[in-house]
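Read through the structure below, which is laid out as structure tokens, and then see the notes.
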Amino acid sequence: MAERRILITGASSGIGAAAARAMAGPGVAIAVHCRGNRAGAEAVATDLRAAGAEAVVLTGDLTEPATPARLVDEAVAAFGGLEVVVANAGFADRTQIGAMTDENFARSADTILWGFMRLARAAGPHLLRAGEAGSAARMIAVSSFVAHLFRTDAATFPASAAAKAGVEALVRSLAIEWAPHVTVNAVVPGFTQKDPGAHVALEAPAWEAILARIPLRRLGQPADVAAAVAFLAGVGGAYITGQALHVSGGVVI
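Going by our numbering, the sequence shown opens with residue 265, and the numbers climb by one from there.
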């Protein structure tokens, strides 16, 4: 049986895939979730196995209420338990409030906020059981700088920001509810490079102005965020809970 059993949502590309690769190794088992990019998820799983980890691919739409619990059940059935859950699935929506439909707002809320709550609710008993048995049990949410950066000279993402802010509030609540057996934290990426072919919320001409606002003068890479996730999931994160760790090159200070 693997020593570290991990479920990562939204792991077929980008930050989720990078986090999976960062934590892969002998004694690790990782459930790689995707909504529709099965080929990408299978490629990630192949990389994980090459690194010595066990890997399975799980699929499902997190806007469907039953999906998060099913993913947890399938990961537990595959590995016998869970020590780490990384809630990464999400997307950026630039639709402004004046143009926003109920469907726009609901899609962000369902995928990001409700998806996180349902995932945490389903995973909680397994993480608590692992923590009570002495394992390093972790719940990690991938949030976003859009829940923190509000300026007239910066793009805003109202629906995404509201959902991610809600996730960070749930992180703090869960950190109290699950203490002392499980740590619960959020990682907050800044502007992060997308994989080729991935959906982007901003067009190329906007990036020059954005880079000028980032103190470290570059976009983040998925590996930058993945390193923070792996840190919180490992022994270094043992005394950190209820926090939002910004990995943004200083765009939010």
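The beta-carbon is built from N, C-alpha and C at its ideal position, and this holds for glycine as well. Values in this document were obtained by computation on a predicted structure and should not be read as measured data.
Can you tell me where the beta strand (DSSP E) with residue i in it begins and where it stops?
i: residue 383; result: Note, residue 383: premise wrong, no beta strand (DSSP E); alpha helix (DSSP H) at 379–396.
i: residue 295; result: 292–298
i: residue 415; result: Run containing residue 415: none; DSSP gives neither H nor E here.
i: residue 322; result: 318–323
i: residue 410; result: Neither: residue 410 is in no beta strand (DSSP E) and is coded neither H nor E.
Tell me which residues share the same chain as residue i and place their Cβ nearer than 8 Å to its Cβ, disregarding the 5 neighbours each side in the sequence.
i: residue 496; result: 402, 404, 447, 449, 451, 504, 509
i: residue 364; result: 422, 423
i: residue 499; result: 400
Given residue i, which residues of its chain have a CB within under 6 Å of its CB, disregarding the five upstream and five downstream residues?
i: residue 494; result: 286, 287
i: residue 439; result: 448, 505, 506
i: residue 305; result: 276, 296, 298, 321
i: residue 359; result: 368
i: residue 303; result: none
i: residue 410; result: 421, 424, 425
i: residue 396; result: 445
Going by DSSP, which residues form a beta bridge with residue i?
i: residue 484; result: 456
i: residue 403; result: 349, 448
i: residue 241; result: In the structure as shown, the chain begins at 265 and stops at 517. Residue 241 is therefore absent and cannot be evaluated.
i: residue 508; result: 450
Flag this pair as yes or no: are the beta carbons of residue i and residue j separated by less than 8 Å?
i: residue 492; j: residue 282; result: no
i: residue 427; j: residue 383; result: no
i: residue 387; j: residue 350; result: no
i: residue 346; j: residue 392; result: no
i: residue 279; j: residue 319; result: no
i: residue 327; j: residue 371; result: yes
i: residue 484; j: residue 516; result: no
i: residue 408; j: residue 453; result: yes
i: residue 362; j: residue 375; result: no
i: residue 352; j: residue 430; result: no
i: residue 257; j: residue 308; result: There is simply no residue 257 to check, as the chain begins at 265 and stops at 517 in what is shown.
i: residue 336; j: residue 390; result: yes
Is there a Cβ of chain C sitting closer than 8 Å to that of residue i, yes or no?
i: residue 304; result: The displayed structure is made up of one protein chain only, and chain C is not part of it.
Closest by CA to residue i, which one among the options?
i: residue 424; options: 331, 412, 435, 417; result: 412
i: residue 418; options: 473, 328, 426, 434; result: 473
i: residue 357; options: 349, 279, 337, 420; result: 420
i: residue 329; options: 432, 385, 339, 364; result: 385
i: residue 289; options: 269, 317, 408; result: 317
i: residue 269; options: 338, 436, 471; result: 338
i: residue 501; options: 475, 455, 471, 445; result: 445
i: residue 489; options: 366, 307, 458; result: 458
i: residue 313; options: 284, 341, 335; result: 284
i: residue 380; options: 365, 311, 395, 331; result: 331
i: residue 373; options: 442, 441, 395, 422; result: 422
i: residue 433; options: 340, 341, 396, 406; result: 406
i: residue 343; options: 394, 471, 437, 441; result: 394
Would you mind reading off the limits of the alpha helix (DSSP H) that contains residue i?
i: residue 315; result: That residue, residue 315, is in no alpha helix (DSSP H); it is neither H nor E in DSSP.
i: residue 435; result: 422–441
i: residue 364; result: No alpha helix (DSSP H) contains residue 364, which DSSP labels as neither H nor E.
i: residue 279; result: 278–287
i: residue 343; result: 331–343
Within its chain, find whatever has a CB closer than 7 Å to the CB of residue i; leave out the 5 residues flanking it on each side and keep chain order.
i: residue 514; result: 478, 479, 480
i: residue 455; result: 474, 478, 483, 484, 515
i: residue 301; result: 276, 277
i: residue 414; result: 420
i: residue 325; result: 299, 331
Please tell me whether, using a cut-off of 7 Å, the distance from the CB of residue i to the nearest non-hydrogen atom of the ligand ZN is below it.
i: residue 350; result: What this structure holds is no ligand at all, so the ligand ZN is not there to describe.
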